Amino acid sequence: MRVSNFWSLMEDEFGSGYAYVLANQLALTSLGGRTVNEALGDHFEPREIWEAVCDAQDVPQQRRLGKDVPPASGRDRIIDG
(Lines of atoms letter the chains of each structure in order from A and count residues from 1; the text may use other names and numbers.)
(Lines give C-alpha, C1' and ligand atoms only; values in the text may rest on other atoms or scores of the structure.)
Protein backbone atom coordinates (compact mmCIF):
# COMPACT_ATOMS: atom_id res chain seq x y z
CA MET A 1 0.00 0.00 0.00
CA ARG A 2 1.23 3.48 -0.82
CA VAL A 3 1.10 6.28 1.71
CA SER A 4 -1.37 8.13 -0.55
CA ASN A 5 -3.68 5.09 -0.46
CA PHE A 6 -3.37 5.01 3.32
CA TRP A 7 -4.50 8.63 3.60
CA SER A 8 -7.39 8.00 1.22
CA LEU A 9 -8.56 5.15 3.44
CA MET A 10 -8.19 7.31 6.55
CA GLU A 11 -10.18 10.16 5.02
CA ASP A 12 -12.88 7.87 3.65
CA GLU A 13 -13.36 6.13 6.99
CA PHE A 14 -12.97 9.00 9.45
CA GLY A 15 -13.50 12.17 7.42
CA SER A 16 -10.85 14.54 6.16
CA GLY A 17 -10.60 16.50 9.40
CA TYR A 18 -10.78 13.74 12.00
CA ALA A 19 -8.36 11.49 10.08
CA TYR A 20 -5.54 13.94 10.80
CA VAL A 21 -6.56 14.37 14.44
CA LEU A 22 -6.34 10.58 14.85
CA ALA A 23 -3.00 10.53 13.05
CA ASN A 24 -1.58 13.02 15.55
CA GLN A 25 -3.18 11.80 18.75
CA LEU A 26 -4.11 8.10 18.66
CA ALA A 27 -1.40 5.99 20.33
CA LEU A 28 -1.35 2.57 18.69
CA THR A 29 -0.31 -0.07 21.21
CA SER A 30 0.41 -2.62 18.48
CA LEU A 31 2.99 -0.19 17.08
CA GLY A 32 4.75 0.43 20.37
CA GLY A 33 2.54 3.35 21.38
CA ARG A 34 3.40 5.36 18.28
CA THR A 35 0.90 7.64 16.60
CA VAL A 36 0.19 7.23 12.89
CA ASN A 37 2.53 10.09 12.07
CA GLU A 38 5.29 8.68 14.26
CA ALA A 39 4.89 5.23 12.70
CA LEU A 40 5.06 6.70 9.19
CA GLY A 41 8.17 8.65 10.23
CA ASP A 42 9.70 5.42 11.56
CA HIS A 43 9.06 3.75 8.18
CA PHE A 44 6.38 1.30 9.24
CA GLU A 45 4.44 -0.11 6.30
CA PRO A 46 1.26 1.89 5.65
CA ARG A 47 -0.75 -1.36 5.53
CA GLU A 48 0.44 -2.30 9.03
CA ILE A 49 -0.46 1.17 10.31
CA TRP A 50 -3.90 1.02 8.66
CA GLU A 51 -4.60 -2.36 10.26
CA ALA A 52 -3.52 -1.01 13.65
CA VAL A 53 -5.83 2.01 13.29
CA CYS A 54 -8.72 -0.24 12.23
CA ASP A 55 -8.17 -2.51 15.23
CA ALA A 56 -7.93 0.42 17.65
CA GLN A 57 -11.04 2.11 16.26
CA ASP A 58 -13.08 -1.10 15.76
CA VAL A 59 -13.49 -0.58 12.02
CA PRO A 60 -15.54 -3.53 10.70
CA GLN A 61 -13.78 -5.93 8.33
CA GLN A 62 -16.12 -5.03 5.47
CA ARG A 63 -14.91 -1.40 5.55
CA ARG A 64 -11.18 -2.04 5.86
CA LEU A 65 -10.61 -2.22 2.11
CA GLY A 66 -12.14 1.20 1.50
CA LYS A 67 -15.16 2.37 -0.40
CA ASP A 68 -16.51 0.37 -3.29
CA VAL A 69 -15.73 2.05 -6.58
CA PRO A 70 -18.26 1.46 -9.34
CA PRO A 71 -16.88 0.02 -12.57
CA ALA A 72 -16.14 2.41 -15.39
CA SER A 73 -18.90 3.01 -17.88
CA GLY A 74 -18.89 1.08 -21.15
CA ARG A 75 -17.53 4.02 -23.12
CA ASP A 76 -14.38 4.05 -21.00
CA ARG A 77 -13.44 0.45 -21.73
CA ILE A 78 -10.53 -0.54 -23.90
CA ILE A 79 -11.66 -2.73 -26.76
CA ASP A 80 -9.24 -5.21 -28.29
CA GLY A 81 -8.98 -4.60 -31.97
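Take the sequence shown: its position 34, counting from 1, is numbered 34 in full-length UniProt numbering, and each next residue is one higher. Don't be surprised by glycine CBs; every beta carbon is placed ideally from N, CA and C. Just so it is clear, the structure is predicted and the values come from calculations on it, not from any experiment.
By DSSP's criteria, residue i is part of a beta bridge. Which residues make up the other side?
i, result
"Leu-28", "Arg-34"
Between the options, which has its C-alpha nearest residue i's C-alpha?
i, options, result
"Thr-29", "Pro-71, Glu-48, Arg-2, Glu-13", "Glu-48"
"Tyr-18", "Leu-65, Glu-38, Val-53", "Val-53"
"Trp-7", "Asp-42, Asn-37, Gln-61, Pro-60", "Asn-37"
Secondary structure at residue i, three-state DSSP: helix, strand or coil?
i, result
"Gln-57", "coil"
"Asp-12", "helix"
"Pro-44", "Looking at the sequence shown, residue 44 is not Pro but Phe. Reduced to three states, the DSSP call for Phe-44 is coil."
"Gly-17", "helix"
Suppose you measure from the CA of residue i to the CA of residue j; what does that come to, to the nearest Å?
i, j, result
"Asp-55", "Asn-5", "18 Å"
"Lys-67", "Leu-9", "8 Å"
"Arg-2", "Thr-35", "18 Å"
"Ala-27", "Arg-64", "19 Å"
"Asp-12", "Pro-46", "15 Å"
"Gly-32", "Trp-50", "15 Å"
"Asp-42", "Pro-70", "35 Å"
"Pro-60", "Asn-24", "22 Å"
"Leu-22", "Leu-40", "13 Å"
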